[in-house]
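Residue numbers (the UniProt record's numbering): 1 to 1258. We put the CB at the ideal spot given by N, CA and C, even for glycine. A quick note: this is a predicted structure, and the numbers were derived from the prediction, not measured.
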């Protein structure tokens, strides 16, 4: 390590050797015998110059000092020439440290790796990075076969970075329930002046993106200017116009600095990072995921950097994983507002430049970024006690320099007379001399004692060393003798045993020895024979490869690409999207480099005929099938469905690259003809997808069309700008063509954006619609077209796409962006924001009000789409009253929900009351299996779900079902399965949930089996209350129809039809999810129905009792007793629901009474579960109570009851503590509840955490 550190060759090290007062010990330090080859080279190269310089410095006289200055300047120039390299260079580890280079299979643990991995080898190459301290990149080979890369940094203390990494780990723990996570890395300090930092893989510094753009702008072989050169190049002329020296930084006018900043911002494009994130994504879905992760990670790092006062955020210290979008910060040396004390103070709280903002999306900081910042700051403020405890260590830590950049407390006279600098220098000099004098005096006082102790220790240490060596030698000899003696005893016992037994195995030793020798000889013969066979196989394999090369000829060149995409297909089939996008990004350059020779005009035309719907029979391309045969080593014909999606993606990408490489001159015609063909085909697709058509549409083909347009957009952008690192730079002629025709291509893509948004949205590919919508709106605003119908439709489509993606923050940001751009915010955006956040009830009410009051102002298509969304809200929360009212006044002929009639609404109301016979008698269902042929592609799933509902009701009380109905259900199952299959191929797809549920329901109906669905607590957050409600409805209705049917099949007989707790968990899941989302009517209705099933009130004459009546009855009388686990969990949810949305006082009273009853729960079967629920309710009650309130009678009664229980006692020390602190009555009550929570469930970490926070605040 010493050799590696010495190779930094900084000027500081050289100047340290030239101290004017250096003595002979300095000569010994810098001219000591070399230990490594690198040190030998350094002494051979610079020792003569250093010796000459030191000799001149020691010689008296002015002339010698002038000559010494000349030598010093010459030596400084030589060192600076080597240290000032702007590019990295490599050295050999054997030259820097032969000891490290010779390590093999050591027992040294791998630094920063939690698993038991040791260092097996240190690689030879050491890369020196071109930064100020010249850090070294080291690569270790671990005992597990993996490589571990580290950055060795000298001249810096990394203990502070290590503490900051601990801070980030604690922040991640606090943010665990959410998706936010700060990426950290191991830091291993090796001393006060150096250490190791784990190399962060798969990340790119922002400066590399900027540098790549610079290299594209300058002429060939021209030097790339540094950012500082650009800054001073614009600043210096402006300063000279006002006669200001560039050296006087304090005199620079603020208006000039602002002007220079604006000019530099205008000269630098702000889309560099956004373009990289887009080009590194496989498709729109991957782009959406990377953008969301980028937004959350940027917000998290911004807030954490603001809290710890992080500075020095230049472009090399901010890294981005372009495959996933994650932001990573490095170098935490400048923190705790230390940047404000630099020569050029850093006043901004965190870095948020135009490139970072543009990559956030259309709305910029509004929306997701702002909400993420607020959430992270809220969580960290909530856990401030934990963070403050950790940060308090920094106050007393000598690693942090809290000294400000200026002295304080100077007398006012010194400030007025303007001699501040002289006073500061004098004070510092006096303080230094006084400290040195005191130190020398103290040293003389205690020096003689230290010297005496040293002499005594040295004399004793020699005797102790000799005694230890003698003891160790005697002990070793004794152990050897004992081992030999034990061995002789064993041999003697064995011989004595053989003497007494003539048949002992000892007498067979000669025969066994001969057998062993014979076995060894046979082994040698077998090994020789195997070696000959291996040589023969190698010869045959070589001949086979030569024969394959001769037979395959030109087709063999496709083999490497096919193998690459076979691997990509395997990754995709496993669902690992992160690994998929990373692998794709690494291979995009390879594809674009070689696809020019592989894609021919005939292949392009064949693929376009299939892609653009000109060929109904399917795809028939010999080149693609040949590639597939080579990939799978198969010789039989295979249908296109068997080809991996990755292979089709390659064909799509190659087709787009073919268009760009040939400058849009394709078999389709000249550039205008090619663009016209694409334009007309996509518009035909958009028109036919909304109508009844015989075209064989499928999600795969639509996805390929959208992918082709995205890849074509990427290739055209790269051909005109050439800034994407994920794609190969275009040739000079291609770049010249697209640079000249950039406006034409941009205008053509601009005209297609609305159409592409429509197709993407109706095909369930919301991420693609969102990307096209953001691009279109940005272009419209840039062109000043904010008052057009295209702008309104783009806002509508984008908001619906964000709704499908459940991005409520994005819709909020879109509303703020619209208000900023047009001074008007569409009223429906607030409604869609509520729906995207899961608040279907509030969103439905707001949207109904908007359509009722302002519906006439919207275009027909806007009103139709919003009306369909309102119907989805009503269906999602089972609001049949409002649905029937809206359908009666709104005409939705030939639209998505036109099949819903008034009879259907009445039928659903009767099903809600479990009156299945009455629901069936509303009208017979007349259907044929040809009904689905007349339904447009986009509306088929809604019709499938409606048909399955009608079929299920017709089975109630029926002896037989018409064959046409059964055929329709089979057709519904086939349609739903096709949607499931295509949705699984095109994840993320919003149609997956509905299509899978429809398929599963149709399968259960045809097989007469129950709908098997079981909820798990850890997975509930992944399902919305709307989807859970649909599942619950189907399970309850199928069971009710089975009970009411005259003919119950054997499969249904197997169901436990009388089990009351069959759907208990599902009921609670619906209530819990709906409550968290804010759908109070849905949560109250389901809880009301559930509580009437498990705990009916016999005193009431009504069929069902309201939830309010249950709460009143529970709080005022003792007739309701919690005697089962179902009632425990039900009243736990009722408590939260009532406190949050009805009455807080009644909620606190209800919670107190529930805790009181749970303390008397006597069932042994679920005692642990009940205690955990009781502990959580106690914690919930402490959060609801305020320290300034007075305990209610119900709360006092609960406390008195619990104090009388043995398991709820408070220790005498706790009582003494409460009395000594002078708490109020409510404060002591809260403390008592916290203690009871811990006593109820000691394993509940949340109880201890709450008690710790409460104690910290006290």
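- A direct Cα-to-Cα measurement between residue 346 and residue 209 gives close to 23 Å.
- Collapsing the DSSP output to three states places residue 204 in a strand.
- Residue range 992-1007 is occupied by the alpha helix (DSSP H) that includes residue 1005, with no beta strand (DSSP E) assigned at that position.
- Under DSSP, residue 888 takes part in no beta bridge, so it has no partner.
- Judged by beta-carbon spacing, residue 294 lies beyond the 8 Å limit of residue 272, meaning their Cβ atoms are not closer than that value.
- The beta carbons of residue 941 and residue 897 sit no closer together than 8 Å.
- The segment 716-734 makes no contact with the segment 667-684: fewer than 3 CB pairs, one atom from each, lie closer than 8 Å.
- Residue environment analysis places residue 480 among the exposed positions, since fewer than 16 neighbouring C-beta atoms fall within 10 angstroms of its C-beta.
- Taking 8 Å as the cut-off, the Cβ atoms of residue 1005 and residue 952 count as close.
- In the DSSP assignment, the residues bridged to residue 149 are 139.
- The alpha carbon of residue 1089 has as its nearest neighbour, out of 1195, 912, 917, 174, the alpha carbon of 912.
- Taking C-alpha positions only, residue 719 is separated from residue 318 by approximately 28 Å.
- DSSP places residue 271 in no beta strand (DSSP E); its state is neither H nor E.
- According to the DSSP assignment, residue 109 belongs to no alpha helix (DSSP H), since it is labelled neither H nor E.
- CA-to-CA, the gap between residue 1147 and residue 1178 works out to about 13 Å.
- Separation of the CB atoms of residue 1063 and residue 1027 is rounded to 15 Å, and the pair is thereby denied contact status at 8 Å.
- DSSP places residue 1239 in the helix class (H, G or I) of the three-state scheme.
- Scanning 251, 805, 227 for the CA closest to the CA of residue 211 turns up 227.
- Contact between the segment 352-369 and the segment 181-198 is not established, with fewer than three Cβ pairs separated by less than 8 Å.
- When secondary structure is reduced to three states using DSSP, residue 90 falls in the strand class.
- Taking the Cα positions, residue 249 is about 14 Å away from residue 242.
- Between residue 658 and residue 604, the beta carbon gap of about 5 Å places them in contact (Cβ cut-off 8 Å).
- Under the three-state reduction of DSSP, residue 1023 is assigned to coil, being neither helix nor strand.
- Taking 8 Å as the cut-off, the Cβ atoms of residue 602 and residue 652 do not count as close.
- Collapsing the DSSP output to three states places residue 444 in a helix.
- Residue 851 and residue 870 do touch by the CB rule: their CB atoms are close to 7 Å apart, below 8 Å.
- Around the beta carbon of residue 301, 16 or more other beta carbons lie within 10 angstroms, which makes this residue buried.
- Straight across, the Cα-Cα distance linking residue 275 with residue 268 is about 14 Å.
- In chain order, 278, 279, 656, 724, 727 place their CB closer than 8 Å to the CB of residue 714, counting only its own chain and leaving out the 5 sequence neighbours on each side.
- Note that the segment 871-884 does not touch the segment 813-821; fewer than 3 beta-carbon pairs, one per stretch, sit closer than 8 Å.
- Put simply, of 491, 1091, 261 the residue whose alpha carbon is nearest the alpha carbon of residue 354 is 261.
- Residue 516 carries a helical assignment under DSSP once its states are collapsed to helix, strand and coil.
- The beta carbon of residue 244 lies closer than 8 Å to those of 251, 252, 253 in the same chain, with the five residues before and after it left out.
- Annotated as proximal: residue 867 and residue 890, with beta-carbon spacing under 8 Å.
- Assignment of residue 785 by DSSP, reduced to helix, strand and coil, places it in the coil class.
- Classified as exposed, residue 460 has fewer than 16 neighbouring CB atoms from the shown chains inside 10 Å of its CB.
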